[in-house]
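Colleague:
There are 2 protein chains.
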Amino acid sequence: MLNASPAEVFAALGDPTRLAILARLAEGEPRSITALGEGGRLTRQAVTKHLRVLEGAGLIASRKAGREVRFAYRPDTVDEARAYLDRVARQWDDALGQLKAFVEK
Amino acid sequence: MLNASPAEVFAALGDPTRLAILARLAEGEPRSITALGEGGRLTRQAVTKHLRVLEGAGLIASRKAGREVRFAYRPDTVDEARAYLDRVARQWDDALGQLKAFVEK
DNA sequence: GACATAGGCAACAAGGAGGTTGCTTATGAC
DNA sequence: GTCATAAGCAACCTCCTTGTTGCCTATGTC
Numbered sequence: 001m002l003n004a005s006p007a008e009v010f011a012a013l014g015d016p017t018r019l020a021i022l023a024r025l026a027e028g029e030p031r032s033i034t035a036l037g038e039g040g041r042l043t044r045q046a047v048t049k050h051l052r053v054l055e056g057a058g059l060i061a062s063r064k065a066g067r068e069v070r071f072a073y074r075p076d077t078v079d080e081a082r083a084y085l086d087r088v089a090r091q092w093d094d095a096l097g098q099l100k101a102f103v104e105k
Numbered sequence: 106m107l108n109a110s111p112a113e114v115f116a117a118l119g120d121p122t123r124l125a126i127l128a129r130l131a132e133g134e135p136r137s138i139t140a141l142g143e144g145g146r147l148t149r150q151a152v153t154k155h156l157r158v159l160e161g162a163g164l165i166a167s168r169k170a171g172r173e174v175r176f177a178y179r180p181d182t183v184d185e186a187r188a189y190l191d192r193v194a195r196q197w198d199d200a201l202g203q204l205k206a207f208v209e210k
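If you're matching them up, the sequences are chains D and Z in order. Residues 1 to 105 in the working numbering are what the first sequence lists, from first letter to last. Residues 106 to 210 in the working numbering are what the second sequence lists, from first letter to last.
Written out as structure tokens, the structure is:
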């Protein structure tokens, strides 16, 4: 599911549990569903659902490895989200610039 | 000013309607609820709810002006969201660097 | 004062999100 | 082959989100 909409990506980031999972995967090592569930107080099924949401948004990718499924961080989509926020911020800066130019005219 | 959690900010950004409203406000001019509703196909009440979510996340601020309420873009919170994504991305870059160092050792 | 405009409040409905439980399937270890 | 482990599937529950409608209040205009 490449190229999710910005809103979909932000929605995927908009849950503390998912944000924690993503941060954990951004450490580098791909992890299995069970491994990601350990330590937390969620069932494996709940973890699975969160992982599917993250995957649907393009933030992580999965690969079967034997009887495990390993999920890995995918940097591209986070970069796109950053770029989106950059555009919003730049739009704001430009608007300020125009206002300033108008006032000083 | 309330300091919303990253997840709360991303959740607020995670709806296409709200994202559109935010982008519109980032153009510079503060706008009233009615003004923000025109053109869209939502009722005023629906727009109001979205604005309260954005305000709760610290992305916009409201000010009464006569019988109107004007909502204005607040750049700080978008900057914080960008910084959060920057940290995730940097964590990833560092992990790659460590992996590389380990492999080349 | 009468009227129009901007907005708030509350109740409601539909649908989705987050989570659980129980059972089944697939793979690896012995 | 037997057993343990990893994960999928499906049903179900509860609560929140999104959006509506109807009515009330406040402010500006004539």
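Glycine included, every Cβ here is placed at the ideal spot set by N, Cα and C. Bear in mind the structure is a predicted one, so any value in this text is a computation, not a measurement.
Considering Cα atoms alone, identify which of A12/D, L22/D, F10/D and E8/D is closest to V193/Z.
Modeller: The residue with the shortest Cα to Cα distance from V193/Z is L22/D.
Colleague: Please return the same chain residues whose Cβ sits closer than 6 angstroms to the Cβ of E173/Z, not counting the five positions on each side in sequence.
Modeller: Excluding positions up to five away in sequence, the list reads S137.
Colleague: Tell me the DSSP secondary structure of A61/D in three-state form.
Modeller: Strand, per DSSP.
Colleague: Taking R187/Z as the query, report the chain D residues whose CB atoms sit under 8 angstroms from its CB, ordered along the chain.
Modeller: What R187/Z touches in chain D: R82, L85, D86 and A89.
Colleague: Go through its chain and collect everything with a Cβ distance to M1/D's Cβ below 8 angstroms, but skip five positions before and after it.
Modeller: Bear in mind that a pLDDT of 47 at M1/D, under 50, signals an unreliable position, so the model cannot answer this.
Colleague: Hey, is A4/D's beta-carbon within less than 8 angstroms of any beta-carbon in chain Z?
Modeller: So no, A4/D is outside the interface.
Colleague: Which value, in whole angstroms, describes the spacing of the CA atoms of V152/Z and G142/Z?
Modeller: C-alpha separation (whole angstroms): 6 angstroms.
Colleague: Given V53/D, which residues of its chain have a CB within under 6 angstroms of its CB, disregarding the five upstream and five downstream residues?
Modeller: So the list reads A12, once near-sequence residues are dropped.
Colleague: F10/D to E113/Z, Cα distance in whole Å?
Modeller: When rounded, the distance between both Cα atoms is 10 angstroms.
Colleague: Fully enclosed by the region 5-79 of chain D, which beta strand (DSSP E) runs are 3 residues long or longer?
Modeller: For the region 5-79 of chain D, whole beta strand (DSSP E) runs of length 3 or above, ordered along the chain, are 60-65 and 68-73.
Colleague: As a quick exercise: from S62/D, F71/D and A26/D, pick the residue whose alpha carbon is nearest that of L200/Z.
Modeller: Strictly speaking, residue 200/Z in this sequence is Ala, with Leu absent from that position. It is A26/D.
Colleague: Any beta-carbon of chain Z closer than 8 angstroms to the one on P75/D?
Modeller: Yes, contact with chain Z.
Colleague: By alpha-carbon positions, which one of R63/D, P6/D and L19/D ends up nearest to Y189/Z?
Modeller: Among R63/D, P6/D and L19/D, the Cα nearest to that of Y189/Z belongs to L19/D.
Colleague: Quick one, are the C-beta atoms of L147/Z and T122/Z less than 8 angstroms apart?
Modeller: Taking 8 angstroms as the Cβ cut-off, L147/Z and T122/Z qualify as a contacting pair.
Colleague: Would you grab the beta carbon distance between A61/D and A72/D for me? Rounded to a whole angstrom, and I think it's under 8 angstroms.
Modeller: The pair is a contact, with the Cβ atoms about 6 angstroms apart (cut-off 8 angstroms).
Colleague: If I measure Cβ to Cβ from Q45/D and keep anything under 7 angstroms in the same chain, skipping five residues before and after, which residues do I get?
Modeller: Taken in chain order, the list of residues that qualify is empty.
Colleague: Distance check for W92/D and P135/Z, CA to CA, integer angstroms please.
Modeller: About 12 angstroms.
Colleague: Rank R195/Z, R168/Z and P180/Z by C-alpha distance to the C-alpha of R90/D and give the top, closest one.
Modeller: For R90/D, the nearest C-alpha among the options comes from P180/Z.
Colleague: In chain D, which residues lie less than 9 angstroms from L127/Z when you measure between Cβ atoms?
Modeller: What L127/Z touches in chain D: V88.
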